[in-house]
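Engineer: Read in order, the letters of the sequence shown are residues -19 to -1, 1 to 151 in mature numbering (1 follows the signal peptide of the UniProt record, and there is no 0). The beta carbon of each residue, even a glycine, is placed where N, CA and C say it ideally should be.
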Amino acid sequence: MLIFLVLPTLAIACGPGTGQLAQTATFTYEIVPPVMYTWAASLSNGQISEAYAAQVAKSDVQSAVNAVLTANSIPTTDLALTLNFFPPNTPLVTTCPATASETSQFFTQGGLVLYNCSNTNSAYSITQTVKVTAIQQIYESQWQTLNSQIQDNLNAKRGTLFLSSSYILA
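1) Excluding the 5 residues preceding and the 5 following Thr141 in the sequence, name in chain order all residues of the same chain whose CB lies nearer than 6 Å to its CB.
2) Could you tell me whether the Cβ atoms of Gln130 and Val74 are closer together than 8 Å?
3) I believe Thr(-2) touches Val113 by the beta-carbon criterion, under 8 Å. Please report the beta-carbon distance rounded to the nearest angstrom.
4) Would you say Thr7 and Thr126 are within 8 Å of each other, going by their C-beta atoms?
5) If you draw a straight line from the alpha carbon of Asn128 to that of Thr9, how long is it in whole angstroms?
6) Counting only the same chain and skipping the five closest in sequence on each side, list residues whose C-beta sits under 8 Å from that of Ser146.
7) Looking only at its chain, what residues have a beta carbon closer than 8 Å to the beta carbon of Ala34, apart from the 5 residues adjacent to it on each side?
8) Could you check the C-alpha separation between Ser54 and Thr108 for me, to the nearest Å?
9) By DSSP's criteria, Asn70 is part of a beta bridge. Which residues make up the other side?
10) Could you check whether Ala3 and Trp124 sit closer than 8 Å to each other, using their CB atoms as the reference points?
11) Measuring only the C-alpha atoms, how far is Asn102 from Leu95?
12) With DSSP run on the structure shown, which of helix, strand or coil describes Ala(-9)?
13) So, at 8 Å on beta carbons, what are the nonlocal neighbours of Ile119 in its own chain, with the 5 sequence-adjacent residues on each side left out?
14) Pick out the complete beta strand (DSSP E) segments inside the segment 94 to 142, 3 residues or longer, and give them in chain order.
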């Protein structure tokens, strides 16, 4: 008798997602960037080139999306991913100069570019847009979950700090 009471509960929990069905989602993130997503004209202080910073960001996003889709049993075959991201030119320092007028230096700590030395009152942030086209329709509630998991993955990998995120389904 107990078995019959448990089975209907399990069947209800396995229902489909909710909201609009869409094959494509575009996520827009405002992030405090990891140092690896930035570059400087002078490669001193261990910074990398602009091309390499773009490659690292794209690789990280591709890896995060693939890992999240795979973990959710969503096929990654023929997955289309577009990253709209331009690495910022941020010469890094570990201590800002005494004069606050220096606008071309950025304070870094813990692997993140925290703020421009001329404006220590607000976090330095950039925008990154990720467009994912899956091979199947996915419910809006599932896209929301995937969005959160992609952010968690990028945070775990590079310490990326997300200030805001939004999405558009198509």
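Structural biologist: Walking through what the data contain:
1) Within the sequence shown, residue 141 is the residue found at index 160, counting from 1. Only Ile12, Pro15, Leu135 meet the Cβ criterion.
2) Numbered from 1 along the sequence shown, position 149 holds the residue referred to as residue 130. Numbered from 1 along the sequence shown, position 93 holds the residue referred to as residue 74. Going by beta carbons, Gln130 and Val74 fall outside the 8 Å limit.
3) Looking up residue -2 in the sequence shown gives position 18. Looking up residue 113 in the sequence shown gives position 132. With a Cβ gap of about 19 Å, Thr(-2) and Val113 do not count as contacting.
4) Here residue 7 refers to the residue found at position 26 of the sequence shown. Here residue 126 refers to the residue found at position 145 of the sequence shown. Not a contact, by the Cβ cut-off of 8 Å.
5) Position 147 of the sequence shown, counted from the first residue, corresponds to residue 128. Position 28 of the sequence shown, counted from the first residue, corresponds to residue 9. Distance from the CA atom of Asn128 to the CA atom of Thr9, rounded to whole angstroms, is 10 Å.
6) Translated into the one-based positions of the sequence shown, residue 146 becomes position 165. Excluding sequence neighbours, Ser146 sits near Phe8, Thr9, Tyr10, Glu11, Asn128, Gln132.
7) To locate residue 34, count along the sequence shown from 1; it is residue 53. Leaving aside the five residues that flank Ala34 on each side, the residues in its chain whose CB is nearer than 8 Å to its CB run, in chain order, Met17, Tyr18, Thr19, Trp20, Pro68.
8) In the sequence shown, the residue the question calls residue 54 occupies position 73. In the sequence shown, the residue the question calls residue 108 occupies position 127. Near 29 Å, if we compare the C-alpha coordinates of Thr108 and Ser54.
9) Translated into positions along the sequence shown, residue 70 becomes position 89. In the DSSP output, where bridge partners are listed per residue, Asn70 has Trp20.
10) Translated into the one-based positions of the sequence shown, residue 124 becomes position 143. Translated into the one-based positions of the sequence shown, residue 3 becomes position 22. Cβ atoms of Trp124 and Ala3: closer than 8 Å.
11) The residue labelled residue 102 in the question sits at position 121 within the sequence shown. The residue labelled residue 95 in the question sits at position 114 within the sequence shown. Taking the Cα positions, Asn102 is about 10 Å away from Leu95.
12) Taking the sequence shown and counting its residues from 1, one reaches residue -9 at position 11. Residue placement at Ala(-9) is flagged as unreliable, the pLDDT there being 36, under the threshold of 50; the coordinate-derived value follows with that caveat. Of the three classes helix, strand and coil, the one that applies to Ala(-9) here is helix, per DSSP.
13) Translated into positions along the sequence shown, residue 119 becomes position 138. Gly(-3), Leu2, Ala3, Gln4, Ala6, Ile55, Leu127, listed in sequence order.
14) Runs of the beta strand (DSSP E) inside the segment 94 to 142: 107 to 120.
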